[in-house]
Amino acid sequence: MTARRFRQRADAWACALALVGCVFGLTAQTARAEAVADCMGTAEQDQALQRLQTLYRQEQFAKLDAAMACLMTAPAGFSSGKPGGAAVYWMFRRQMPAPGADPMEAARIARWRQQLPASMFAEFAGYRLQYANAWDARGMSTADRVGQTAWASFDAQLTQAEAGMLEASAELRGTPIWHTLLLAVVQDMRSPRRTADAVFQEGIGKWPDFYDLHELRLTRLVPRWGGSWETVDAAIDRWAKASGTAPGGARYAQLYLSVLDTTGTDPRQTRLAWPRMKAGLEELVGQYPDPAFKNAAASIACVYGDVAYHQASMRRIAAAEARPAAWIRGTSPAACAG
């Protein structure tokens with residue numbers, strides 16, 4: 000789907016949202032401005048994500064579609080440097096965790112599709128729920144503790160999800176959120192029609208700045224899923240260099256932060272190089288105003304015993320910029336103060 004078609008569709012939904020205004024002569028352009036304010040009224044991805052979740056839970060589907068369409072084509076990203084589409088993908092991921100999705104989601108998605116039959120986001124929701132349900136069947140146990148019945152159900156549901164996604168609407172297949180979910184599906188399958196590496200390479204070729212693809216790929220390269228920290232480090236090194244940033248640049252730090260966040264691992268157990276990470280964190284803080292990067296810098300400096308850098312990082316965190324979730328497990332401002 001082209002950016003122009005996204006904008007046209009956002010105009011249409013926004014006008015539908017402002018029905019009373021349209022009746023009294025409100026232009027589609029004015030209505031669209033309201034939709035833009037709703038979807039990009041904050042520079043922080045998590046806040047935008049929460050707003051999307053609220054619209055979804057309240058079943059304001061027309062407004063939700065307009066906000067998502069706006070986010071998918073917004074020229075400016077979040078304060079973290081991520082594009083608007085990242086909030087769209089994460090809304091579904093957070094609302095329908097794998098495993099742990101609410102069984103009632105199926106009925107809500109059905110109502111969404113009934114109200115907006117042409118919505119590619121409602122279509123995507125169905126595929127995301129299917130993926131989450133597959134993980135509900137498997138559970139989060141290590142492979143050697145998963146029973147044969149659970150494996151069979153897991154494989155069958157993933158196979159069905161892959162088949163459905165490959166036949167999805169052309170509109171949906173032309174988005175990075177579709178590509179990211181397809182990667183999630185195929186890299187968890189034993190015999191996918193398309194390999195994870197093929198899906199990943201195609202995805203980053205089309206959307207090189209949609210770093211959820213890189214972060215998702217890393218989740219299956221860690222030791223828990225049969226990989227190794229050496230494999231993780233090699234991938235991060237390769238992708239960071241390919242991004243065009245300096246060798247110790249922002250992308251290196253961003254990808255390692257993602258791995259540490261998703262695994263809860265002590266960074267000293269990985270192959271993270273602290274001098275390179277430190278340089279990358281400085282680039283992140285300098286390039287992007289997201290307070291999470293300042294907090295992460297202070298936290299990791301504490302882990303590595305870099306007192307001077309920890310103190311310098313703490314001094315630049317304003318009171319309103321405290322982000323406890325950005326701190327590495329086992330660290331906190333209080334714990335690191337001594």
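The sequence shown begins at 0 in numbering that gives the first Met the number 0 and counts up one residue at a time. Ideal placement from N, C-alpha and C gives every residue a C-beta, glycine not left out.
- Measuring C-alpha to C-alpha distances from aspartate 143 to each of Val221, Gly225, Leu217, Leu215 identifies Gly225 as the nearest.
- In this structure, leucine 182 lies near glycine 202, with their beta-carbon atoms less than 8 Å apart.
- A distance below 8 Å separates the beta carbons of tyrosine 130 and valine 184.
- In this model, threonine 158 and lysine 277 are separated by some 42 Å (Cα to Cα).
- The alpha-carbon of proline 82 is positioned some 8 Å away from that of leucine 70.
- DSSP assignment within the region 78-154 yields the following whole alpha helix (DSSP H) runs of 4 residues or more, N-terminal first: 84-94, 104-114, 119-137.
- CA-to-CA, the gap between threonine 330 and cysteine 301 works out to about 8 Å.
- Here threonine 72 is buried, its C-beta having at least 16 other C-beta atoms within 10 Å.
- The shortest C-alpha to C-alpha distance from leucine 271 to any of Gln44, Gln114, Tyr255, Ile108 is the one to Tyr255.
- Collapsing the DSSP output to three states places proline 207 in coil.
- Burial is judged here by how many other beta carbons sit within 10 angstroms of a residue's own beta carbon; glycine 243 has fewer than 16 and is exposed.
- Taking 3 residues as the minimum length, the region 257-290 contains no beta strand (DSSP E) run wholly inside it.
- When Cβ pairs closer than 8 Å are counted between the two stretches, the region 83-103 is seen not to touch the region 147-158, the count staying below three.
- In the assembly as shown, valine 306 is an exposed residue. Its beta-carbon has fewer than 16 other beta-carbons within 10 Å.
- A direct Cα-Cα distance of roughly 9 Å separates aspartate 101 from leucine 128.
- Look at serine 190 here: in three-state DSSP terms it is coil, with no helix or strand label.
- Remark: fewer than three beta-carbon pairs, one from each stretch, lie closer than 8 Å, so the region 259-270 and the region 48-67 are not flagged as touching.
- Annotation: alanine 234 to aspartate 211 spans about 14 Å, alpha carbon to alpha carbon.
- When the beta-carbon positions are compared, serine 298 and tryptophan 326 come within less than 8 Å of each other.
- Counting only residues of its own chain and dropping the five nearest sequence neighbours on each side, glycine 125 has a CB closer than 6 Å to the CB of Ile108.
- For threonine 174, no alpha helix (DSSP H) segment is defined, and its DSSP state is neither H nor E.
- Tyrosine 303 carries a coil assignment under DSSP once its states are collapsed to helix, strand and coil.
- With respect to the C-alpha of alanine 336, the residue from Thr174, Arg314, Glu320 having the closest C-alpha is Arg314.
- Here serine 190 is exposed: its Cβ has fewer than 16 other Cβ atoms, across all protein chains shown, within 10 Å.
- If you look at glutamate 166, you'll find it isn't in any alpha helix (DSSP H); DSSP assigns it neither H nor E.
- From the listed residues Thr269, Pro332, Asp45, Val284, the smallest Cα separation to methionine 90 is found for Asp45.
- Judged by DSSP secondary structure, glutamate 229 falls within the alpha helix (DSSP H) whose first and last residues are 228-241.
- Within its own chain, the residues whose Cβ lies closer than 6 Å to the Cβ of serine 257, once the five positions on either side in sequence are excluded, are Glu214, listed in chain order.
- Assigned with DSSP and collapsed to three states, proline 74 falls in coil, not helix or strand.
- Distance between alanine 136 and methionine 103, taken at the CA atoms: about 16 Å.
- Beta-carbon to beta-carbon, alanine 195 and glutamine 186 are separated by about 4 Å, close enough to satisfy the 8 Å threshold.
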